[in-house]
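Peer 1:
2 protein chains.
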Amino acid sequence: MANLVTVGALETTDTRTRLIEAAIDLFTRHSFAGTSLQMIADELGFTKAAIYHHFRTREQLLAAVLEPILDELRTVVESAEAKRTAHARAEHMLTGYAALAVRNRGLVAVLAADPSVATALNERSQWGDLIKRQLALLADVDPGPAGEVKAAMVFAGMAGAVGPAGAALDDDVLLDHLLDAGRRTLGLRAPRRLL
Amino acid sequence: MANLVTVGALETTDTRTRLIEAAIDLFTRHSFAGTSLQMIADELGFTKAAIYHHFRTREQLLAAVLEPILDELRTVVESAEAKRTAHARAEHMLTGYAALAVRNRGLVAVLAADPSVATALNERSQWGDLIKRQLALLADVDPGPAGEVKAAMVFAGMAGAVGPAGAALDDDVLLDHLLDAGRRTLGLRAPRRLL
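Protein chains in written order, with the numbering used here: chain A, 6 to 200; chain B, 6 to 200.
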């Protein structure tokens, strides 16, 4: 009996993971609004009932897909906010966001650029709040509209640059180029490196 | 009789314009894939038959929405390609794209950032070709992956920055900030101005 329960739990975890992976793939190709639970079921050869066992709505599935990224972003934002200078706060935010974008290339494009995701997440105020804090951290090196426009360029630009443009590049190389471009945009000096 | 024909033609033009305007509004809020012809009909209080008279599919409506922007972008790309130096080509492309983005704020976000639009436009190879030429013009100041990443950052970044971040700014002010940020990212010197 204990064995049966364990097998059941493993199967459930596995199905959930496969659902999330299929959702990411379909979201990045068709956008969030263009992906139905039926399309995810078809992609995996599942029945819709099998999906309903894990997620009642597409919004619940989106939340599960984005949850680990949001947690990671929150950690970066909070540790950036704890730095002493505007320059250090922007540098920490830039580095953390670039690393997150490189590790989650397809997802960050969905997250940052798809208007239907923004609409779906609008009710989850903590998400909008997190992006506002991220943009403020990037903008405060040059307070006012100029800094806000530069911050928005870096936020949307990095999400775009981890797409097709960077597809052929290794994570380390892409990250270096993103950081260089982001620092140029914001007017940040590159930090000294230990040799 | 002549009068009747004229009135009919005016009505048709007007309906088409209203359809396109409602589509732009819905696309920017729900993404292209998240907007059905039915939603557009509901928004305007039209029947679906009235819409079918103008557009048979959502893809036809998208094409009509994007056509003027694509024509404008093509003109910018072609005149940029005719410049003599890589610097002049990038500067012309940057300036033209920024001006286009500022004048079509909501639409450029749909155009550049919505994955479902990219998928729908994929069959129209001239569109993908135009974006490739735009990216090459921006990237060639610094050939190789570094330049390609910077070009992608500027392309996606400007589309993002004309969204909520720049909503409160006048066209002229937003354009100046976009050009400054874009030149910083690409490493272009600001052109001398006549006083």
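Quick reminder that beta carbons are idealized off the backbone N, C-alpha and C, glycines included.
1. So, using beta-carbon positions, are L126 (chain B) and V82 (chain B) closer together than 8 Å?
2. Take N109 (chain B) and list the residues in its own chain whose beta-carbon comes closer than 7 Å to its own, dropping the five residues that flank it on each side.
3. Quick check: what's the CA-CA separation for Q131 (chain A) versus L191 (chain B)?
4. What do you reckon, are the CB atoms on L193 (chain A) and A87 (chain A) nearer than 8 Å?
5. With a threshold of 8 Å between beta carbons, is L225 (chain A) in contact with chain B?
6. Specify the secondary structure class of D145 (chain B) as computed by DSSP and reduced to three states.
7. Assuming K88 (chain A) is part of the alpha helix (DSSP H), what are its boundary residues?
8. At a Cβ cut of 9 Å, what residues of the segment 53 to 64 of chain B count as close to chain A, listed as they run along the chain?
9. Grouping DSSP H, G and I as helix and E and B as strand, with all else coil, what is R61 (chain A)?
10. Mark G152 (chain B) as exposed unless 16 or more other C-beta atoms lie within 10 angstroms of its C-beta, in which case mark it buried.
11. Tell me the DSSP secondary structure of F37 (chain B) in three-state form.
12. For the segment 85 to 100 of chain A, which residues have a CB atom closer than 8 Å to at least one CB atom of chain B, in sequence order?
13. A166 (chain A) and L183 (chain A): beta carbons closer than 8 Å?
14. Using a C-beta to C-beta distance shorter than 9 Å, which residues of chain A count as neighbours of V82 (chain B)?
15. Are S121 (chain A) and S41 (chain A) close, meaning C-beta to C-beta below 8 Å?
16. Would you identify the three-state DSSP class for G152 (chain B), choosing helix, strand or coil?
17. On the premise that A186 (chain A) lies in contact with M158 (chain B), defined as a C-beta separation below 8 Å, what is that separation, rounded to the nearest angstrom?
18. Counting only the same chain and skipping the five closest in sequence on each side, list residues whose C-beta sits under 7 Å from that of T100 (chain A).
19. Note down the Cα distance separating I29 (chain B) from P196 (chain A), rounded to an integer number of angstroms.
20. Using the beta-carbon of each residue, which ones in chain A are nearer than 9 Å to D185 (chain B)?
21. What residues from chain B crowd round A164 (chain A), counting only those whose CB sits closer than 7 Å?
22. From the beta carbon of L179 (chain A), is the nearest beta carbon of chain B less than 8 Å away?
23. Classify G168 (chain B): buried if its beta carbon has 16 or more other beta carbons within 10 angstroms, exposed otherwise.
24. Starting from the C-beta of A38 (chain B), find all residues in its chain whose C-beta is less than 7 Å away, skip the five residues before and the five after it, and write them out in chain order.
25. Between Q139 (chain A) and A68 (chain A), what straight-line distance do the alpha-carbon atoms span, to the nearest angstrom?
26. List, in chain order, every chain A residue whose beta-carbon is nearer than 7 Å to that of M44 (chain B).
27. Taking 8 Å as the cut-off, decide whether the C-beta atoms of F60 (chain B) and L105 (chain B) are in contact.
28. Within this structure, are the beta carbons of L78 (chain B) and P150 (chain A) separated by less than 8 Å?
29. For a contact defined as C-beta to C-beta under 8 Å, what are the partners of T190 (chain B) on chain A?
30. Does the separation of the CB atoms of A164 (chain A) and V113 (chain A) fall below 8 Å?
31. Along chain A, in chain order, which residues have C-beta atoms closer than 9 Å to that of A68 (chain B)?
32. Helix, strand or coil for F160 (chain A), going by three-state DSSP, please let me know.
33. Would L174 (chain A) count as contacting chain B if we go by Cβ distances under 8 Å?
34. Name the chain B residues whose beta carbon is nearer than 7 Å to that of A38 (chain A)?
Peer 2: Looking at the atomic coordinates:
1. Position 121 of the second sequence, counted from the start, is the residue given in the question as residue 126 (chain B). Position 77 of the second sequence, counted from the start, is the residue given in the question as residue 82 (chain B). No; because the gap between Cβ atoms is not below 8 Å, this pair is not in contact.
2. Counting from one through the second sequence, the residue named residue 109 (chain B) turns up at place 104. Answer for N109 (chain B): I74, listed in chain order.
3. As a first step, residue 131 (chain A) is located in the first sequence; it is residue number 126 there, counting from the start. As a first step, residue 191 (chain B) is located in the second sequence; it is residue number 186 there, counting from the start. Straight-line Cα distance between these residues: approximately 34 Å.
4. Walking along the first sequence from the start, residue 193 (chain A) turns up at place 188. Walking along the first sequence from the start, residue 87 (chain A) turns up at place 82. Cβ atoms of L193 (chain A) and A87 (chain A): not closer than 8 Å.
5. With chain A covering 6 to 200 only, the question about residue 225 (chain A) has no answer from this structure.
6. As a first step, residue 145 (chain B) must be located in the second sequence, where it is residue number 140. The answer is coil: DSSP assigns D145 (chain B) none of H, G, I, E or B.
7. Looking up residue 88 (chain A) in the first sequence gives position 83. No alpha helix (DSSP H) contains K88 (chain A), which DSSP labels as neither H nor E.
8. none
9. Here residue 61 (chain A) refers to the residue found at position 56 of the first sequence. R61 (chain A): coil per DSSP, three-state reduction.
10. Here residue 152 (chain B) refers to the residue found at position 147 of the second sequence. Classification for G152 (chain B): buried.
11. For the purposes of this step, residue 37 (chain B) is taken as residue 32 along the second sequence, with counting starting at 1. Residue state, collapsed to three classes: coil.
12. none
13. In the first sequence, the residue the question calls residue 166 (chain A) occupies position 161. In the first sequence, the residue the question calls residue 183 (chain A) occupies position 178. In this structure, L183 (chain A) lies closer than 8 Å to A166 (chain A) by Cβ.
14. Sequence index remark: in the second sequence, residue 82 (chain B) carries index 77 (1-based). Under the 9 Å cutoff, chain A gives no residues; its nearest Cβ is about 17 Å from V82 (chain B).
15. Mapped onto the first sequence, residue 121 (chain A) falls at position 116. Mapped onto the first sequence, residue 41 (chain A) falls at position 36. Taking 8 Å as the Cβ cut-off, S121 (chain A) and S41 (chain A) do not qualify as a contacting pair.
16. Within the second sequence, numbered from 1, the residue matching residue 152 (chain B) stands at position 147. Helix, per DSSP.
17. Walking along the second sequence from the start, residue 158 (chain B) turns up at place 153. Walking along the first sequence from the start, residue 186 (chain A) turns up at place 181. So it is a contact: roughly 5 Å between Cβ atoms.
18. Start at 1 with the first residue of the first sequence, and residue 100 (chain A) comes out as number 95. These residues qualify, in order along the chain: L184.
19. As a first step, residue 29 (chain B) is located in the second sequence; it is residue number 24 there, counting from the start. As a first step, residue 196 (chain A) is located in the first sequence; it is residue number 191 there, counting from the start. Distance between the alpha carbons of I29 (chain B) and P196 (chain A): 43 Å.
20. What you label residue 185 (chain B) is simply residue 180 of the second sequence in a count that begins at 1. Within chain A, the residues near D185 (chain B) are A151, V154, K155.
21. Here the question's residue 164 (chain A) lines up with position 159 in the first sequence. By Cβ distance, chain B contributes A161.
22. Translated into positions along the first sequence, residue 179 (chain A) becomes position 174. Closer than 8 Å: yes.
23. Here residue 168 (chain B) corresponds to residue number 163 of the second sequence, with the count starting at 1. Label assigned to G168 (chain B): buried.
24. Here residue 38 (chain B) corresponds to residue number 33 of the second sequence, with the count starting at 1. Once the five neighbours on either side are set aside, the close Cβ partners of A38 (chain B) are S121.
25. Indexing the first sequence from 1 puts residue 139 (chain A) at position 134. Indexing the first sequence from 1 puts residue 68 (chain A) at position 63. Looking at the two C-alpha atoms, the distance is approximately 20 Å.
26. Position 39 of the second sequence, counted from the start, is the residue given in the question as residue 44 (chain B). None at all; the shortest Cβ gap to chain A is about 11 Å.
27. Locating residue 60 (chain B) in the second sequence gives position 55, counting from the first residue. Locating residue 105 (chain B) in the second sequence gives position 100, counting from the first residue. The answer is no: Cβ separation not under 8 Å.
28. Position 73 of the second sequence, counted from the first residue, corresponds to residue 78 (chain B). Position 145 of the first sequence, counted from the first residue, corresponds to residue 150 (chain A). No, they are not a contact pair.
29. Within the second sequence, residue 190 (chain B) is the residue found at index 185, counting from 1. The contacting residues are M158, G162, A186, R189, T190.
30. Here residue 164 (chain A) refers to the residue found at position 159 of the first sequence. Here residue 113 (chain A) refers to the residue found at position 108 of the first sequence. Yes; because the gap between Cβ atoms is below 8 Å, this pair is in contact.
31. Taking the first residue of the second sequence as 1, we reach residue 68 (chain B) at position 63. Under the 9 Å cutoff, chain A gives no residues; its nearest Cβ is about 17 Å from A68 (chain B).
32. As a first step, residue 160 (chain A) must be located in the first sequence, where it is residue number 155. In the structure shown, F160 (chain A) sits in a helix (DSSP, three-state: H, G or I).
33. Here residue 174 (chain A) corresponds to residue number 169 of the first sequence, with the count starting at 1. Chain B, which has a Cβ nearer than 8 Å to the Cβ of L174 (chain A), makes this yes.
34. As a first step, residue 38 (chain A) must be located in the first sequence, where it is residue number 33. Result: H35, S36, A38, G39.
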